[in-house]
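Engineer:
This is the structure in structure tokens:
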């Protein structure tokens with residue numbers, strides 16, 4: 039999973055990236071476009087469940103799941119026409135599975151704003167307008183191709199032409215592609231466009247550290263013109279940077295002092311999983327305890343294929359135990375004695391937190 043951090047210049051993207059990846063890879067300076075080429079880092083997904091399993095099993099190694107974070111250069115109005123780092127910026131977003139849009143919502147006279155004043159709602163509108171305008175350019179090319187295909191009497195050419203024209207009309211209203219209504223069999227046509235405004239978005243609200251404990255999500259959405267279903271994550275990028283060098287115990291104490299339950303880093307990752315419909319299953323043995331990511335709704339053979347493609351092809355069944363039962367029963371042996379392990383076949387829909395032992399044909 040790759041998440042692109044985007045936003046206007048000087049809103050805290052690079053500071054946030056460095057804190058998420060616990061590095062200093064991204065240049066975080068007080069001037070526009072200090073980031074030019076995208077910075078990429080791997081972030082381990084925090085999960086207390088795998089820690090509890092590992093503490094019990096004491097394996098040779100423990101492997102968490104991870105996500106890839108990309109710090110992308112700041113966007114300005116006119117990017118779709120090449121302003122700022124325009125086309126380069128937009129190309130980098132296309133490669134990401136989701137967008138984390140950082141919105142500055144704090145005042146600091148020592149940190150310049152590219153538009154001279156802090157206005158979060160305006161900033162959101164600028165970013166999303168640029169994504170939509172870039173998508174319109176993409177769709178216009180698709181319409182041109184469809185017109186040629188009609189003349190060449192290719193299959194579905196007329197249907198595709200109509201589809202892309204309807205999508206163009208939708209985008210011209212200033213509405214993101216993610217809200218476009220389409221038929222199930224038309225989804226491949228939409229996906230082949232790689233539209234920027236079709237990508238799922240998390241709104242990261244970069245606030246002052248004193249506002250974190252009393253952050254009002256619904257009020258924030260209303261003030262920023264967001265919908266109830268939109269996902270927002272309040273983060274103080276500078277605070278996260280301070281936490282990056284602390285031990286786990288120090289972090290807990292620090293958060294308690296501010297009246298915060300969890301780090302912005304952890305909340306962002308959890309919300310990213312929620313946004314993309316991702317869940318986690320585990321495998322547990324003496325050699326390795328490992329977390330694996332799967333798409334919500336996947337069946338057991340598909341999840342086996344996450345480990346190795348042959349496992350899906352040769353799948354027979356899987357032993358399943360929820361992680362809580364595994365820990366409470368002190369592992370596989372007592373769990374089996376207490377009847378907590380069950381065997382599931384090809385039609386079993388994997389659940390978040392399942393510990394699995396897959397059985398396949400040799």
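Numbering (my numbering), first residue to last: 39 to 400. We treat Cβ as the ideally placed atom computed from N, Cα and C, and that holds for glycine.
Are the stretch 241 to 256 and the stretch 216 to 226 in contact at 8 Å, needing three or more beta carbon pairs?
Structural biologist: Segments in contact, no.
Engineer: Per DSSP, what kind of secondary structure is residue 185 in: helix, strand or coil?
Structural biologist: Here residue 185 refers to the residue found at position 147 of the chain shown. In this structure, residue 185 counts as helix in the three-state DSSP scheme.
Engineer: Closer than 8 Å is the cut-off here; do at least three beta carbon pairs connect the stretch 93 to 111 with the stretch 310 to 329?
Structural biologist: yes
Engineer: Does residue 49 come out as helix, strand or coil in the three-state DSSP assignment?
Structural biologist: For the purposes of this step, residue 49 is identified with residue 11 of the chain shown, where counting begins at 1. In the structure shown, residue 49 sits in coil (DSSP, three-state: anything other than H, G, I, E or B).
Engineer: Taking C-alpha atoms, which residue in 283, 353, 256 and 268 lies nearest to residue 60?
Structural biologist: Position 22 of the chain shown, counting from 1, holds the residue named residue 60. Of the listed residues, the one whose Cα sits closest to residue 60 is 283.
Engineer: Can you find the residues in the same chain that come closer than 7 Å, C-beta to C-beta, to residue 228, ignoring five residues on each side of it along the sequence?
Structural biologist: Sequence index remark: in the chain shown, residue 228 carries index 190 (1-based). For residue 228, where only same-chain residues beyond five positions count, the Cβ hits under 7 Å are 220 and 236.
Engineer: Have a look at 277, 175 and 260 and flag the residue whose alpha-carbon is nearest the alpha-carbon of residue 231.
Structural biologist: Here the question's residue 231 lines up with position 193 in the chain shown. Answer by Cα proximity: 175.
Engineer: Give me whichever residues DSSP pairs with residue 167 in a beta bridge.
Structural biologist: Residue mapping note: residue 167 aligns to position 129 of the chain shown, counting from 1. Per DSSP, none; premise fails for residue 167.
Engineer: Residue 213 to residue 170, Cα distance in whole Å?
Structural biologist: As a working mapping, residue 213 is identified with position 175 in the chain shown. As a working mapping, residue 170 is identified with position 132 in the chain shown. Between residue 213 and residue 170, the C-alpha separation is close to 7 Å.
Engineer: Ends of the beta strand (DSSP E) at residue 15?
Structural biologist: Because residue 15 is not part of the residues shown, which for the chain are 39 to 400, the question remains open.
Engineer: In angstroms, rounded to a whole number, what distance separates the CA positions of residue 300 and residue 262?
Structural biologist: To locate residue 300, count along the chain shown from 1; it is residue 262. To locate residue 262, count along the chain shown from 1; it is residue 224. Near 24 Å, if we compare the C-alpha coordinates of residue 262 and residue 300.
Engineer: Kindly indicate which three-state DSSP category residue 294 falls into: helix, strand or coil?
Structural biologist: Taking the first residue of the chain shown as position 1, residue 294 is located at position 256. Helix, per DSSP.
Engineer: Sort 331, 269 and 265 by Cα distance to residue 104 and report the nearest one.
Structural biologist: Locating residue 104 in the chain shown gives position 66, counting from the first residue. For residue 104, the nearest C-alpha among the options comes from 331.
Engineer: Taking 8 Å as the cut-off, does the stretch 368 to 386 touch the stretch 286 to 300 (at least 3 CB pairs, one atom from each stretch)?
Structural biologist: no
Engineer: Buried or exposed for residue 45, please, with buried defined as at least 16 other CB atoms from any protein chain shown within 10 angstroms of its CB.
Structural biologist: Locating residue 45 in the chain shown gives position 7, where the first residue counts as 1. Buried.
Engineer: Would the stretch 189 to 200 count as touching the stretch 129 to 137 if we require 3 or more Cβ pairs under 8 Å?
Structural biologist: no
Engineer: For residue 93, which residues does DSSP report across the bridge?
Structural biologist: If you number the chain shown from 1, residue 93 lands on position 55. Looking at the DSSP output, residue 93 bridges to nothing.
Engineer: On a Cα-Cα basis, can you pick out the residue from 387, 385 and 379 that is closest to residue 395?
Structural biologist: In the chain shown, counting from the first residue as 1, residue 395 sits at position 357. Considering only alpha carbons, the answer is 379.
Engineer: Checking 7 Å against the spacing of the C-beta atoms, do residue 211 and residue 271 come in under that value?
Structural biologist: As a working note, residue 211 is residue 173 in the chain shown. As a working note, residue 271 is residue 233 in the chain shown. Contact: no.
Engineer: Based on the DSSP output, what are the partners of residue 231 in its beta bridges?
Structural biologist: To locate residue 231, count along the chain shown from 1; it is residue 193. BP columns for residue 231 are empty, so no partner.
Engineer: Can you grab the Cα-Cα spacing for the pair residue 376 / residue 361, in whole Å?
Structural biologist: In the chain shown, residue 376 corresponds to position 338, counting from 1. In the chain shown, residue 361 corresponds to position 323, counting from 1. Cα to Cα, residue 376 sits roughly 15 Å from residue 361.
Engineer: Given this structure, state the Cα-to-Cα distance separating residue 314 from residue 307, to the nearest angstrom.
Structural biologist: Taking the chain shown and counting its residues from 1, one reaches residue 314 at position 276. Taking the chain shown and counting its residues from 1, one reaches residue 307 at position 269. The alpha-carbon atoms of residue 314 and residue 307 are separated by roughly 11 Å.
Engineer: Using a Cβ-Cβ cut-off of 7 Å (strictly less than) and excluding sequence neighbours within five positions of residue 279, which residues of its own chain qualify?
Structural biologist: As a position in the chain shown, residue 279 is number 241, starting the count at 1. Hits under 7 Å: 53, 56 and 57.
Engineer: Report the option in 108, 389, 249 and 48 whose CA atom is closest to the CA atom of residue 77.
Structural biologist: Here residue 77 refers to the residue found at position 39 of the chain shown. Of the listed residues, the one whose Cα sits closest to residue 77 is 108.
Engineer: Using only alpha-carbon positions, find the residue among 363, 293 and 398 that is nearest to residue 339.
Structural biologist: Residue numbering aside, residue 339 sits at position 301 when the chain shown is read from its first letter. Closest by alpha carbon: 398.
Engineer: Alpha helix (DSSP H) containing residue 339: first to last residue?
Structural biologist: The sequence position of residue 339 within the chain shown is 301, counting from 1. 338 to 345 is the span of the alpha helix (DSSP H), which, as asked, contains residue 339.
Engineer: The alpha helix (DSSP H) with residue 372 in it runs from where to where?
Structural biologist: Locating residue 372 in the chain shown gives position 334, counting from the first residue. From DSSP, the alpha helix (DSSP H) with residue 372 extends over 370 to 375.
Engineer: Would residue 49 pass as a contact of residue 142 if the rule is Cβ separation under 7 Å?
Structural biologist: Position 11 of the chain shown holds residue 49. Position 104 of the chain shown holds residue 142. Cβ distance < 7 Å, so residue 49 and residue 142 count as in contact.
Engineer: Just the Cα atoms here: how many angstroms apart are residue 42 and residue 281?
Structural biologist: Against the chain shown, residue 42 aligns to sequence position 4. Against the chain shown, residue 281 aligns to sequence position 243. Each residue's alpha carbon lies about 22 Å from the other.
Engineer: How should residue 80 be labelled, buried or exposed, when 16 other C-beta atoms within 10 angstroms of its C-beta is the threshold for buried?
Structural biologist: If you number the chain shown from 1, residue 80 lands on position 42. It counts as exposed.
Engineer: Pull up the CB-CB distance for residue 188 and residue 199, whole angstroms please, since I reckon it's below 8 Å.
Structural biologist: Taking the first residue of the chain shown as position 1, residue 188 is located at position 150. Taking the first residue of the chain shown as position 1, residue 199 is located at position 161. Indeed they touch by this definition, with Cβ atoms about 6 Å apart.
Engineer: Can you tell me whether DSSP reads residue 83 as helix, strand or coil?
Structural biologist: On the chain shown, residue 83 is found 45 positions in, with the first residue counted as 1. Residue 83 sits in coil when the DSSP states are folded into three classes, being neither helix nor strand.
Engineer: Quick check on the burial criterion: 16 or more other C-beta atoms within 10 angstroms. Buried or exposed for residue 225?
Structural biologist: To locate residue 225, count along the chain shown from 1; it is residue 187. When all chains shown are included, residue 225 counts as exposed.
Engineer: If you draw a straight line from the alpha carbon of residue 259 to that of residue 274, how long is it in whole angstroms?
Structural biologist: Taking the chain shown and counting its residues from 1, the one referred to as residue 259 is at position 221. Taking the chain shown and counting its residues from 1, the one referred to as residue 274 is at position 236. Each residue's Cα considered, the two are about 17 Å apart.
Engineer: Going by alpha carbons, who is nearest to residue 256 out of 83, 266 and 384?
Structural biologist: Taking the first residue of the chain shown as position 1, residue 256 is located at position 218. Checking every option, the nearest Cα to that of residue 256 belongs to 266.
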